[in-house]
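What follows is a short report on a single structure.
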Amino acid sequence: MIKRLLRLLDASPVNFVAVRTLEDELQRAGFECLDASEPLGEMPAGRQFYVKKNDSSLYAFRIGRRPLSEAGFHIICAHCDSPTFRIKPNAEMTGEGGIVRLNTEVYGGPVLSTWFDRPLSVAGRVILRTDDPMHPETQLIHIRRPLMQIANLAIHFNRQVNDGVKLSRQKDMLPLLGIVSGELERGQLLMNAICENLQVQADRVLDFDLYLYDATPACTFGAHDEFISSGRLDDLSMVFAGMDALIAAGDAVPETTQALAVFDNEETGSQTKQGAGSPFLSSLVQRIVLTQGGSPEDYFRAVEKAFMISADNAHAWHPNYSEKYDPTNHPVLGGGPVIKFNAAQKYASDAASAAVFSELCRRAGVPCQRFVNHSDVAGGSTLGNILASSLPMRGVDMGNPILAMHSARETGAVADHEYCIRAFTQFYRS
302 MIKRLLRLLD ASPVNFVAVR TLEDELQRAG FECLDASEPL GEMPAGRQFY
352 VKKNDSSLYA FRIGRRPLSE AGFHIICAHC DSPTFRIKPN AEMTGEGGIV
402 RLNTEVYGGP VLSTWFDRPL SVAGRVILRT DDPMHPETQL IHIRRPLMQI
452 ANLAIHFNRQ VNDGVKLSRQ KDMLPLLGIV SGELERGQLL MNAICENLQV
502 QADRVLDFDL YLYDATPACT FGAHDEFISS GRLDDLSMVF AGMDALIAAG
552 DAVPETTQAL AVFDNEETGS QTKQGAGSPF LSSLVQRIVL TQGGSPEDYF
602 RAVEKAFMIS ADNAHAWHPN YSEKYDPTNH PVLGGGPVIK FNAAQKYASD
652 AASAAVFSEL CRRAGVPCQR FVNHSDVAGG STLGNILASS LPMRGVDMGN
702 PILAMHSARE TGAVADHEYC IRAFTQFYRS
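Each residue of the sequence shown is one higher than the one before, starting from 302 at the first, in the numbering used here.
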């Protein structure tokens with residue numbers, strides 16, 4: 302199970318490629334791809350399908366025996382984006398000796414210092430010219446070899462580096478791409494790498510959405526291989542736990558419709574057409590209700606009967622920084638999934654929804670933990686309440702505990718991933 306997770310993480314360096322990985326796994330499990338611009342067709346019990354938005358979000362359904370208006374639906378929500386660096390247009394900056402840096406901008410809230418001095422590469426999507434200007438071709442790109450590195454300044458020039466240094470996103474975080482070997486390469490190193498990978502001519506490339514990723518493979522470590530080290534555990538570990546639970550629950554046609562929603566742009570606020578703040582999922586649920594012969598009233602009934610698990614990783618207790626955590630509610634690695642609470646309502650969890658999830662965990666034989674912020678430390682927010690603004694479902698915010706959230710590499714526990722799949726599978730089968 303963990304080897305499978307490591308493989309999926311390595312295959313999913315950025316949002317677009319992560320959705321393709323999901324798509325491949327779902328197709329192998331018998332799900333069909335539907336085009337949101339076309340009629341969805343009939344919705345018999347047991348039908349399995351998914352819809353994509355912007356190539357960077359995905360919504361999968363397995364239709365239950367009872368219509369949504371009677372039974373609602375069970376949905377797990379997660380996100381496929383992670384903090385990183387986006388390559389700007391006209392990105393190449395050539396300096397002395399022909400050394401080329403790439404001009405980038407920060408995506409989300411990464412721990413900047415963790416990106417120094419490690420092999421990096423590029424992934425995303427490239428838009429190609431076709432005969433129809435309204436419908437260019439999209440190709441995904443995943444350059445698998447180390448292609449660049451963000452080099453630190455030697456301590457000899459920065460004696461205060463270990464005392465804490467404020468980093469400039471524009472100056473300090475630009476990666477080295479290569480050395481120009483001739484005038485024909487000037488300004489073309491990145492384009493040459495793109496064209497070589499995709500086997501296309503440069504004049505076909507219209508634009509791209511390209512991001513950096515840590516090229517070091519995911520791995521386990523520890524005396525008993527009990528820990529996971531990887532980039533993008535937040536939130537791909539939850540994405541793939543939800544996916545594997547949905548596939549595992551497909552051994553029989555369910556009574557209640559099962560769904561998995563994987564959003565993009567959570568790390569930048571979710572307010573995009575492919576984010577949790579979009580009405581896309583709401584409209585998709587409405588279309589399914591109408592296809593089942595229901596009315597707008599039946600859609601509202603379906604939402605009232607639905608239950609959502611908003612799955613986004615939680616902060617594990619860090620043994621070096623115990624003063625940062627709540628004294629009585631600090632989850633530990635290996636202690637099981639975590640329910641997240643916040644008095645300011647940054648999380649969707651309340652006593653009623655937390656009771657549902659904790660009971661699901663008990664029935665699955667899985668331990669369950671709780672997280673509340675230290676009252677002097679401001680916390681973050683996640684998908685649950687953002688989605689509830691368009692789909693006001695009952696729901697719980699939860700996630701597996703990890704260390705070093707938003708670092709280039711995060712740390713989780715093997716046991717928690719296995720626990721989470723069991724809990725999610727129990728949810729789908731309930």
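Virtual Cβ for every residue (Gly too), placed ideally from N, Cα, C.
This structure is a prediction, so every number in the text was calculated from the model and none was measured.
Whose C-alpha, out of the options, is nearest the C-alpha of residue i?
| i | options | result |
| --- | --- | --- |
| Gly479 | Gln461, Ala452, Asp473 | Ala452 |
| Thr415 | Thr439, Thr431, Gly399, Phe386 | Phe386 |
| Leu306 | Ser530, Gly347, Phe332 | Ser530 |
| Ile400 | Cys334, Ala644, Leu491, Leu684 | Leu491 |
| Gly713 | Val586, Phe528, Arg505 | Phe528 |
| Thr569 | Gly681, Ala519, Gly532, Ala549 | Gly681 |
| Thr592 | Val678, Arg348, Ala330, Glu333 | Arg348 |
| Pro434 | Val506, Val501, Arg664 | Val506 |
| Gly409 | Gly551, Asn493, Ser571, Ala524 | Ser571 |
| Arg664 | Val639, Arg602, Leu684, Gln727 | Gln727 |
| Ala549 | Cys334, Arg723, Asn316, Tyr351 | Arg723 |
| Thr683 | Gly488, Ile640, Leu454, Leu585 | Ile640 |
| Gly551 | Ile303, Met302, Gly365 | Gly365 |
| His525 | Glu719, Val715, Phe509 | Val715 |
| Asn621 | Ala644, Ala705, Ser659 | Ala705 |
| Leu448 | Ala494, Gly331, Ser538, Asp677 | Ala494 |
| Glu624 | Gln587, Ser676, Val586, Tyr600 | Ser676 |
Please work out which residues of its chain come closer than 6 Å, Cβ to Cβ, to residue i, disregarding the five sequence neighbours upstream and downstream, and give them in chain order.
| i | result |
| --- | --- |
| His380 | Asp536, Phe564, Glu567 |
| Ala312 | Thr322 |
| Ser583 | Ser691, Leu692 |
| Asn686 | Ala649 |
| Ala519 | Leu307, Leu310, Asp311, Ser531 |
| Cys721 | Ala542, Pro638, Asn701 |
| Ala503 | Met492, Cys496 |
| Asp418 | Asn453 |
Within the same chain, show all residues whose beta-carbon is closer than 7 Å to that of residue i, passing over the 5 residues directly before and after it, in chain order.
| i | result |
| --- | --- |
| Gln443 | In the sequence under discussion, the amino acid at residue 443 is His, which differs from the Gln named in the question. Correct list, in chain order: Pro314, Val318, Ala424. |
| Gly543 | Ile377, Ala379, Leu561, Ala612, Phe725 |
| Lys574 | Lys354, Asn355, Phe581 |
| Thr521 | Ile303, Phe528, Ile529, Val715 |
| Thr557 | Gly365, Arg367, Ala372, Gly373, Phe374, His375 |
May I have the straight-line CA-CA distance separating residue i from residue j, to the nearest angstrom?
| i | j | result |
| --- | --- | --- |
| Thr404 | Arg446 | Per the sequence shown, residue 404 should be read as Asn rather than Thr. Using only the alpha carbons, I get a separation of about 20 Å. |
| Ile428 | Pro628 | 51 Å |
| Ser370 | Val590 | 7 Å |
| Leu688 | Pro580 | 9 Å |
| Arg363 | Asp717 | 26 Å |
| Leu475 | Glu406 | 9 Å |
| Val673 | Ser691 | 26 Å |
| Pro368 | Ala346 | 9 Å |
| Leu441 | Glu497 | 13 Å |
| Arg671 | Phe642 | 8 Å |
| Ile703 | Glu326 | 25 Å |
| Pro437 | Gly576 | 23 Å |
| Leu547 | Tyr729 | 7 Å |
| Leu477 | Leu661 | 49 Å |
| Phe298 | Val604 | With the chain represented from 302 up to 731, any question about residue 298 goes unanswered, as that position is not in the structure. |
| Arg470 | Pro411 | 11 Å |
| Tyr351 | Gly488 | 40 Å |
| Val462 | Gln450 | 19 Å |
| Cys334 | Cys669 | 35 Å |
| Met601 | Val586 | This sequence places Phe at residue 601; Met is not what is there. Computed Cα separation, rounded: 10 Å. |
| Ala652 | Gln328 | 37 Å |
In this structure, what does DSSP give as the bridge partners for residue i?
| i | result |
| --- | --- |
| Tyr648 | Tyr648 is not bridged to any residue. |
| Thr395 | Val401 |
| Thr558 | Phe374 |
| His380 | Phe564 |
| Met699 | Ala612, Ile640 |
| Val678 | According to DSSP, Val678 bridges with nothing at all. |
| Ile428 | Thr439, Asp508 |
| Met706 | Beta-bridge pairing links Met706 to no other residue. |
| Leu421 | Met449, Asp515 |
| Ile479 | Per the sequence shown, the amino acid found at residue 479 is Gly instead of Ile. DSSP lists Val401 as partners of Gly479. |
| Tyr360 | Val352, Ala562 |
| Cys520 | Ser530 |
Tell me which same chain residues have a C-beta within less than 8 Å of the C-beta of residue i, skipping the five on either side of it?
| i | result |
| --- | --- |
| Val657 | Phe608, Arg695, Val697 |
| Leu468 | Leu413, Ser414, Met474 |
| Ser659 | Ile640, Cys669 |
**Request:** Would you check if the stretch 511 to 525 and the stretch 418 to 425 touch, i.e. whether three or more CB-CB distances between them fall below 8 Å?
**Result:** yes
**Asked** For the stretch 632 to 640 against the stretch 617 to 624, are there 3 or more C-beta pairs whose distance is under 8 Å?
**Response** yes
**Request:** Would you check if the stretch 330 to 344 and the stretch 561 to 578 touch, i.e. whether three or more CB-CB distances between them fall below 8 Å?
**Result:** no
**Prompt:** Is the stretch 599 to 613 touching the stretch 355 to 375 in the sense that three or more CB pairs, one from each, lie closer than 8 Å?
**Reply:** yes
**Item:** At least three beta-carbon pairs within less than 8 Å, the stretch 347 to 357 to the stretch 389 to 397
**Value:** no
**Asked** Do the stretch 648 to 659 and the stretch 697 to 706 meet, that is, are 3 or more Cβ pairs less than 8 Å apart?
**Response** yes
**Asked** Are at least three pairs of beta-carbons, each pair with one atom in the stretch 704 to 712 and one in the stretch 584 to 598, less than 8 Å apart?
**Response** no
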